[in-house]
Amino acid sequence: MNAEDCMNAEYSILESISDGVFTVDKDFRITYLNRSAEEMILVDREEAIGRFCCEVFRSNLCEGACALRRTLEQGKPIIDLSCFIIN
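So that you can map any letter, position 12 of the sequence shown is 11 in numbering that gives the first Met the number 0, and since no number is skipped, the others follow by simple counting.
This is the structure:
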């Protein structure tokens, strides 16, 4: 299996799972949003990609307690943290 086949397989897996998955760049702009995430937040991925994740998700944690930022800064996962998407 070559690199392109691996990437296609990974993409297919991400698109088929029921968990919402998104990725961001170093500036916290959305670079990928899977189908389940689209359905959860009711935003098309074309609208979401390139925007700051806080603009799209509008979570109650975005402004002061961003879990994603904290995880990246500390290098540790955050487990069992509840948040709400305000859309």
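In this text, a Cβ means the ideal position worked out from N, Cα and C, and glycines have one as well. Keep in mind that this is a model prediction, so the values were computed, not measured.
Run of the beta strand (DSSP E) containing residue i, from where it starts to where it stops
{"i": "I40", "result": "From DSSP, I40 is part of no beta strand (DSSP E) but of the alpha helix (DSSP H) over R34 to I40."}
{"i": "F21", "result": "F21 to V23"}
Contacting residues, own chain, Cβ-Cβ under 6 Å from residue i (five flanking each side not counted)
{"i": "L32", "result": "F21, R44 and A47"}
{"i": "R34", "result": "E14"}
Close Cβ partners of residue i (< 8 Å) along its chain, the five nearest in sequence each way excluded
{"i": "L50", "result": "Just to set this straight, residue 50 is Arg in the shown sequence, not Leu. Cβ neighbours of R50 beyond the five flanking positions: R28 and I29."}
Start and end residues, alpha helix (DSSP H) containing residue i
{"i": "R50", "result": "Counting along the chain, R50 falls outside any alpha helix (DSSP H), and DSSP gives it neither H nor E."}
{"i": "D43", "result": "No alpha helix (DSSP H) holds D43; DSSP gives it neither H nor E."}
{"i": "M0", "result": "Neither: M0 is in no alpha helix (DSSP H) and is coded neither H nor E."}
Cut-off 7 Å between Cβ atoms - residues of its own chain near residue i, not counting five sequence neighbours on either side
{"i": "L60", "result": "A66 and C82"}
{"i": "D18", "result": "S35"}
Residue i burial status per 10 Å Cβ neighbour count (16 or more: buried)
{"i": "C52", "result": "buried"}
- [ ] Could you pull out every unbroken beta strand (DSSP E) segment of at least 3 residues lying fully inside the stretch 56-83, listed in chain order?
- [x] Within the stretch 56-83, no run of beta strand (DSSP E) reaches 3 residues while sitting entirely inside it.
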